[in-house]
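All residue numbers for the sequence shown refer to the UniProt record's numbering, where the first residue is 1 and numbers rise by one. Glycine is no exception: its CB is placed at the ideal position from the N, C-alpha and C atoms. This report concerns only the one structure given below.
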Amino acid sequence: MAVAQCVGAAWQSSGRPTLAFVLFAVSGLALFDRHRHPRVVLLFTAGVTMVCLAVGFRAGWTLPAVGVAAVAAINAGHHLSAFVVLAVLGGGGFALGRPLVLSAAVAASFLPLEILCAMGRYGARMFRDQRRLDEERERRRTSEERLRIARELHDVLGHHLSLINVRAGVGLHLMTKQPAQVRDALEAIVHTSAEALREVQSVLTTLYPEGEAAARAPAPGLDRLAELTTDAGLDVRTAVTGDRRPLPAEIDRAAYRIVREALTNVRRHAGPGARAAISLDYGGEHFTLSVRDSGGAAASPVSAASTVEGNGIAGMRERATSLGGTLAAGPEADGWEVRARFPLPATLPDARGAGPAGPGGPGLFAAGGGGSAGPGRDSGAAGGGAGAAGGAE
Numbered sequence: 001m002a003v004a005q006c007v008g009a010a011w012q013s014s015g016r017p018t019l020a021f022v023l024f025a026v027s028g029l030a031l032f033d034r035h036r037h038p039r040v041v042l043l044f045t046a047g048v049t050m051v052c053l054a055v056g057f058r059a060g061w062t063l064p065a066v067g068v069a070a071v072a073a074i075n076a077g078h079h080l081s082a083f084v085v086l087a088v089l090g091g092g093g094f095a096l097g098r099p100l101v102l103s104a105a106v107a108a109s110f111l112p113l114e115i116l117c118a119m120g121r122y123g124a125r126m127f128r129d130q131r132r133l134d135e136e137r138e139r140r141r142t143s144e145e146r147l148r149i150a151r152e153l154h155d156v157l158g159h160h161l162s163l164i165n166v167r168a169g170v171g172l173h174l175m176t177k178q179p180a181q182v183r184d185a186l187e188a189i190v191h192t193s194a195e196a197l198r199e200v201q202s203v204l205t206t207l208y209p210e211g212e213a214a215a216r217a218p219a220p221g222l223d224r225l226a227e228l229t230t231d232a233g234l235d236v237r238t239a240v241t242g243d244r245r246p247l248p249a250e251i252d253r254a255a256y257r258i259v260r261e262a263l264t265n266v267r268r269h270a271g272p273g274a275r276a277a278i279s280l281d282y283g284g285e286h287f288t289l290s291v292r293d294s295g296g297a298a299a300s301p302v303s304a305a306s307t308v309e310g311n312g313i314a315g316m317r318e319r320a321t322s323l324g325g326t327l328a329a330g331p332e333a334d335g336w337e338v339r340a341r342f343p344l345p346a347t348l349p350d351a352r353g354a355g356p357a358g359p360g361g362p363g364l365f366a367a368g369g370g371g372s373a374g375p376g377r378d379s380g381a382a383g384g385g386a387g388a389a390g391g392a393e
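So, in structure tokens, the structure goes:
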């Protein structure tokens, strides 16, 4: 631009070519500094233009430099400065007797430049906002995935490690008094640890590529409820209401995990001799499950402090709400109850027959019937803690 202005100066100036050359050259060369000092360069180029008008040169050769400087000032956010300078420049043209050409040139350079700059700023802002939104969405997705994996590992390891701890304690207790029964406790530990490894592996399949993960064993569901109650180390009774039928895979897995976590809380927090009752209600539009415990012979009364929710209850509630369901947990009679409800799709596969059912309500705690406590029942008695089931999870 400086070269073009110098050529223009040599062509249109007469009598004072040196002055015209200097004015037009410095006006173009000043543009090199327009990004660092946009307002200074704009004022300088506008001043050169006014000098050219005052000495009788044609200002048309310096107006492009003013336009470029105005663009730099507008892009830097100096809108008012650009407007004032261009307005003063137009007013100076009127004062010096060249209103028509100069005013038209100023208007022609200012308005399109402002429009183009506004469009550029809008596009850049939209790009930055979209990139920031994408980054925030990615961070939220990563956080949710971490939370999901942490919840899965809590459910798996919390249950099985609790069983291992209880049975190891029973083994130590029996070592001096009944050494012949230590083998049973060790075999139970081996079985529980192997099951824990399998379920941890099923959780880790979410981190494998889709094709590799599909070939691995699926996560457990309610079809393994009998095995779960047998290994619970508790006297567990199960009652089924309605026709037992296949549930959607997500609900089936979530229900199994909720039952397992609730039984783990019973074993941890209920008193010795606590019994648990599982109720499964296959309704038409909803599937409801509940896990209640009797509190145990030595369980402490449920207090306000014991009703504080821990990670286990929060995880169960998140698991239910993520599928559109609800979960409530709180004291019930002398024990604790966890109740979850899931909405079912409009159509489900045909019933495959009712599962093992027992009497509902308080009769669930009557002797006999339902599921069995299995060989780990003594372990559950030995490992009972204080408080209602799940209360201090």
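- Query: What's the C-alpha gap between residue 84 and residue 25?
  - Reply: When the Cα atoms are used, residue 84 and residue 25 turn out to be separated by approximately 24 Å.
- Given 8 Å as the limit, is there contact between the region 270-284 and the region 227-242, that is, 3 or more CB pairs closer than that? yes
- For the alpha helix (DSSP H) holding residue 43, just list the boundary residues, first then last. Segment 38-55, the alpha helix (DSSP H) holding residue 43.
- Item | Exposed unless 16 or more other CB atoms sit within 10 angstroms - verdict on residue 45 | buried
- Coil, strand or helix - residue 241 by DSSP: strand
- Return helix, strand or coil for residue 335, following the three-state DSSP convention. Note: residue 335 maps to strand in three-state DSSP.
- Query: Whole-angstrom Cβ separation of residue 88 and residue 69, contact assumed at under 8 Å?
  - Reply: Contact between residue 88 and residue 69 fails: their C-beta atoms lie close to 14 Å from each other, not under 8 Å.
- Compute the beta-carbon to beta-carbon distance between residue 242 and residue 295, rounded to the nearest angstrom, for a pair I have assumed lies under 8 Å. The pair is not a contact, with the Cβ atoms about 28 Å apart (cut-off 8 Å).
- Message: Using a 10 Å radius around the Cβ and a threshold of 16 neighbouring Cβ atoms, would you call residue 420 buried or exposed?
- Response: No statement about residue 420 is possible, as the shown extent of the chain runs from 1 to 393 and does not include it.
- Span of the beta strand (DSSP E) holding residue 394? Here the chain has residues from 1 to 393 only, and residue 394 is not among them.
- Message: Beta-carbon within less than 6 Å of residue 288's beta-carbon, same chain only, minus the 5 sequence neighbours each way: which residues are those?
- Response: 281 and 341
- In its own chain, which residues sit with a C-beta less than 8 Å from the C-beta of residue 224, not counting the 5 before and 5 after it? Contacts found: 256.
- Message: Is it buried or exposed, residue 23, if we count other Cβ atoms within 10 angstroms and call 16 or more buried?
- Response: buried
- Query: Under the three-state reduction of DSSP, which class applies to residue 279: helix, strand or coil?
  - Reply: strand
- Item | Residue span of the alpha helix (DSSP H) that contains residue 76, given as start and end | Segment: none, residue 76 is in no alpha helix (DSSP H) and carries neither H nor E.
- Task: Check the C-beta distance from residue 344 over to residue 285 and give it rounded, since I have them as a contact under 8 Å.
- Result: 6 Å
- Could you check the C-alpha separation between residue 333 and residue 133 for me, to the nearest Å? Going by C-alpha positions, residue 333 is about 50 Å away from residue 133.
- Can the beta-carbon of residue 162 be found closer than 9 Å to that of residue 264? Their beta carbons are under 9 Å apart, which means residue 162 touches residue 264 by this criterion.
- Pick from 167, 166 and 159: whose alpha carbon is nearest that of residue 197? 159
- Apart from the five residues on each side of it in sequence, which residues of its chain come closer than 7 Å, Cβ to Cβ, to residue 189? 164, 167 and 168
- Between residue 27 and the rest of its own chain, which residues show a CB-CB distance below 7 Å, the 5 nearest in sequence each way excluded? 5, 45, 48, 62 and 65
- Query: Within this structure, are the beta carbons of residue 254 and residue 276 separated by less than 9 Å?
  - Reply: no
- Message: I need the boundaries of the alpha helix (DSSP H) containing residue 252, first residue and last residue.
- Response: Here the alpha helix (DSSP H) through residue 252 covers 249-269.
- Who are the near neighbours of residue 174 in its chain, counting only those whose CB is closer than 7 Å to its CB and skipping five residues on each side? Closer than 7 Å at Cβ, skipping near neighbours: 181, 182 and 185.
- Query: What residues match up with residue 394 in a beta bridge as DSSP calls it?
  - Reply: Since the displayed the chain opens at 1 and closes at 393, residue 394 lies outside it and no answer follows.
- May I have the straight-line CA-CA distance separating residue 314 from residue 266, to the nearest angstrom? 16 Å
- Task: Measure from the alpha carbon of residue 43 to the alpha carbon of each residue in 32, 82, 19 and 278, then state which is nearest.
- Result: 82
- Message: Going by the DSSP bridge assignment, what does residue 70 pair with across the sheet?
- Response: Bridge partners of residue 70: none, in fact.
- Query: What's the call for residue 151, buried or exposed, on a 16-neighbour Cβ count within 10 Å?
  - Reply: buried
- Item | Extent of the continuous alpha helix (DSSP H) to which residue 228 belongs | 225-230
- Cβ neighbours of residue 73 in the same chain (closer than 7 Å, five flanking residues each side left out): 38, 39, 42, 81 and 82
- Task: Label residue 129 either buried or exposed according to how many other C-beta atoms from any shown protein chain fall within 10 Å of its C-beta, with 16 as the threshold for buried.
- Result: exposed
- Task: List the whole-angstrom C-beta distance separating residue 279 from residue 338, where the pair is believed to meet the contact cut-off of C-beta under 8 Å.
- Result: Incorrect: roughly 11 Å between the Cβ atoms, too far for contact.
- Take the Cβ of residue 316 as the centre, count every other Cβ of all protein chains shown within 10 Å, and call the residue buried at 16 or more, exposed below. buried
- Mark residue 55 as exposed unless 16 or more other C-beta atoms lie within 10 angstroms of its C-beta, in which case mark it buried. Residue 55 is exposed by the Cβ-count criterion.
- Whose C-alpha, out of 260, 195 and 248, is nearest the C-alpha of residue 324? 248
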